[in-house]
Amino acid sequence: MSFYGVGYILSYSLSSFPIVPYETDVVTLTPGQRSDVLVDATGEPSDSTWLRTYKPPNCSLGKEESYLATAAIFYEEADRVQMLSTQAGENAYNHYCGNDPLSQTVPVYPLAPDGEPSVTEVVPVELRPNGSSNLCFMANRTFRVDYNAQLLGARDCDFEFPRIQNVHNYGSNGSLCFIIENPGVQPHPVHLHGHNFMVLQEGPCDDNETMFPHGQPDFAHVYSPGEASYHFGGGPNPFADGPPGGRYTGQGPGRGTPDQGLDEEPYEGPGPGSGPGSSHGPLGGRPRPNSVGNYGSCWDGSIVNPQNPHRRDTELLLPGYYIVIQFDLDNPGVWPLHCHIAWHLAGGMGWMILSTR
């Protein structure tokens, strides 16, 4: 979602972490993000202008009239009776869905990553059909949870949880790195509770063989919401020619039946990217040079501004892209890493981080 105003210069910084201010005419936000904006009014005392909030249709499906919202801004001597006549500038209706470039959002207080992370996770995000709709899967795990049971269990040092609660016990590891990959058509504002993270890199990630070097389950075909309705008892398929941006098909060598895919147990031994006390490692098969665990990484290891990377608690993951986040485990508890779009979270896009450090 972009905020645009004619006749203003916006100097803005992220509210999670102040950044070096820069001038712009558009501020981009996703669900869960906040920004501090200093507005320099450059008009005359009799001026008035529109403030436009725009959600590009290609970024998130919605009703025709839901993409644009406006508010009138009047200077002190403006005529408040006449309809405003200011026109949108060239950046007002930009169809780019992502956050501002990582190279542009430089934190005021410099902080570098503290060496190699204790644990690295590669987490592809998928939508899979569930008879009438879709469920979200993160690295082949979906999520339904009783938060009370998790918190009370952790308080009593009972760290055994049902698999469906998707709790990952990282014990006393010092830091985590997540390479989160999105082969689908929906954007995901990735939000972390209890911590802030560094955003090390982002980039395109739409090669199935890279993300899934061992293939995918036969049942992992991905449907958009409209397609799911059409295929499982709904009305006409609104995406017969494919949704905006194309559709990820989820095709690949089979890896078992639905029951096998849902019930497979994680490997309990050490492996690449695993740290002391971690239960996360490879599941076997054909390892690739850029693989961590059972999934291939689209990240080449580069970091934007490595001595002072971008920091916040919510970052947008674009369709067909990946993001790399890293953070220190310095706040003991059970903390959700999840999509900040409510129905994605309700559909299972949640990864519970248990830390005792």
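Under our numbering, the first residue of the sequence shown is numbered -7, with each subsequent residue one higher. Quick reminder that beta carbons are idealized off the backbone N, C-alpha and C, glycines included.
- P109 is the residue among Y59, Y14, P109 whose C-alpha sits nearest the C-alpha of M190.
- If you draw a 10 Å sphere on the C-beta of T34, you find fewer than 16 other C-beta atoms in it, and that means exposed.
- The alpha-carbon separation between V100 and I11 amounts to approximately 5 Å.
- Looking only at E82, T22, Q25, D32, the smallest Cα-Cα distance to Y14 is reached by D32.
- Inclusion of P196 and E118 in the CB contact set at 8 Å is not warranted, their separation being larger than that value.
- Between the C-alpha atoms of M203 and F170 there is a straight-line separation of about 14 Å.
- Taking the Cα of L310 as reference, the smallest distance to any Cα among P298, C331, F319 is reached at C331.
- Cβ neighbours of Y85 within its own chain (closer than 7 Å, five residues either side excluded): Y46.
- For the alpha helix (DSSP H) assignment, the uninterrupted runs of no fewer than 4 residues enclosed by the stretch 112 to 159 are, from N- to C-terminal side, 139 to 147.
- Rounded to the nearest angstrom, the gap between the Cα atoms of D292 and P93 is 18 Å.
- One Cα belongs to L60, the other to W42, and the distance between them is close to 12 Å.
- Ranked by how close their Cα comes to the Cα of A334, the residues V316, I315, Q178 have Q178 in first place.
- A direct Cα-Cα distance of roughly 26 Å separates V73 from S58.
- Under the rule that a run must span 4 or more residues, the alpha helix (DSSP H) segments found entirely inside the stretch 273 to 349 read 334 to 338.
- Contact between V182 and I172 holds: CB atoms are separated by about 6 Å, below the 8 Å threshold.
- Across the structure, T97 and H302 are spaced so that their CA atoms are roughly 6 Å apart.
- Assigned with DSSP and collapsed to three states, M203 falls in helix.
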